[in-house]
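First residue of the sequence shown? That's 13 in my numbering, and the numbers climb one at a time after it.
Idealized CB from N, CA, C, for every residue including glycine.
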Amino acid sequence: MDRDGPVREVDPLTTPRAASWQLFRHAPMPMVTILQTWDITGLLSFGERKRYGLTRLLCWCIGQAARQTEELYLLPAGEKLLAYDKVGVSVIVAARGGGLCSCDLPLSDDLSSFAGTYRTLTRAAAETGQDHTLADRMMVGISPLVQYELDGVMNFYSGVYNNPMFFWGKYRREGEGVKLPVSFQFHHVQMDGLEACAFLQRVQETIRALADG
13 MDRDGPVREV
23 DPLTTPRAAS
33 WQLFRHAPMP
43 MVTILQTWDI
53 TGLLSFGERK
63 RYGLTRLLCW
73 CIGQAARQTE
83 ELYLLPAGEK
93 LLAYDKVGVS
103 VIVAARGGGL
113 CSCDLPLSDD
123 LSSFAGTYRT
133 LTRAAAETGQ
143 DHTLADRMMV
153 GISPLVQYEL
163 DGVMNFYSGV
173 YNNPMFFWGK
183 YRREGEGVKL
193 PVSFQFHHVQ
203 MDGLEACAFL
213 QRVQETIRAL
223 ADG
């Protein structure tokens, strides 16, 4: 669904998000969080066979689903609504010298190509401790806290960073299966719960399709 063209400001009242813009742009807490548990048994096995890390695979699956989600091409920014022609994913990286940085990643239909880009850019971000930014696309944030057991991460609103965000911790083995609790936070102007759940379903369908492929 990616298109070619610049980022541009649009009149919110001419978009499908007009009603939510009027209702939620001045809300004290406009963020919504949905908690889910994903079955990643097949995805983990696929990654072990192909030697791809789980975070890398999940970033690709989230990105593929994001590209099919119309609401994710719009982003509220203060009193503006921005329209993007591309989406990407932005993963939080631990810097070698301490601290955190963000690494914006372009998307690709080809998993191998994306995996190579992921490896190159995240390594560079970790080594330098500097953010890698792609300003021409709407970013879905990803914060993997894989050292820790988490049930969920609830709403955070800075008033500056309005992008949707995924959080997860350690996966859990349950019998012969593997489950991953996931938190998905989004700005209510950008999407409603119905659209958010449809997006999450697309992510899970992409996970299953990749694992079965």
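Listed in chain order, the non-local C-beta contacts of Y96 below 8 Å within the same chain comprise V19, Y85, L86, L87, D148, R149 and M150, local neighbours out to five positions each way being set aside.
G109 counts as exposed, since fewer than 16 other C-beta atoms from the protein chains shown sit within 10 angstroms of its C-beta. In summary, E161 is exposed, with fewer than 16 beta-carbon neighbours lying within 10 Å of its beta-carbon over all protein chains present. DSSP places I52 outside both helix and strand once states are collapsed to three, so it counts as coil. Between G100 and L119, the C-beta spacing is below 7 Å. Cβ contact annotation for G225 (same chain, cutoff 6 Å, sequence separation greater than five): none. When C-alpha distances from V44 are compared across Y130, V201, T81 and G181, the shortest belongs to V201. Under the DSSP assignment, V103 falls in the beta strand (DSSP E) whose first and last residues are V99 to A106. Taking 7 Å as the cut-off, the Cβ atoms of V194 and Q80 do not count as close.
If you draw a straight line from the Cα of P40 to the Cα of S32, it comes to about 14 Å. Put simply, of V215, Q34 and Y64 the residue whose alpha carbon is nearest the alpha carbon of G128 is Y64.
Under the three-state reduction of DSSP output, F58 falls in the helix class. Residues F211, R214, V215 and T218 of the same chain have their beta carbon placed closer than 7 Å to that of A77, with the five preceding and five following residues left out of the count.
For Q213, the enclosing alpha helix (DSSP H) starts and ends at G205 to D224. Contact check for V158 and G189: beta-carbon distance about 18 Å, past the 8 Å limit, so the pair fails to qualify. If you check the CB distance, L93 and P24 come in under 7 Å.
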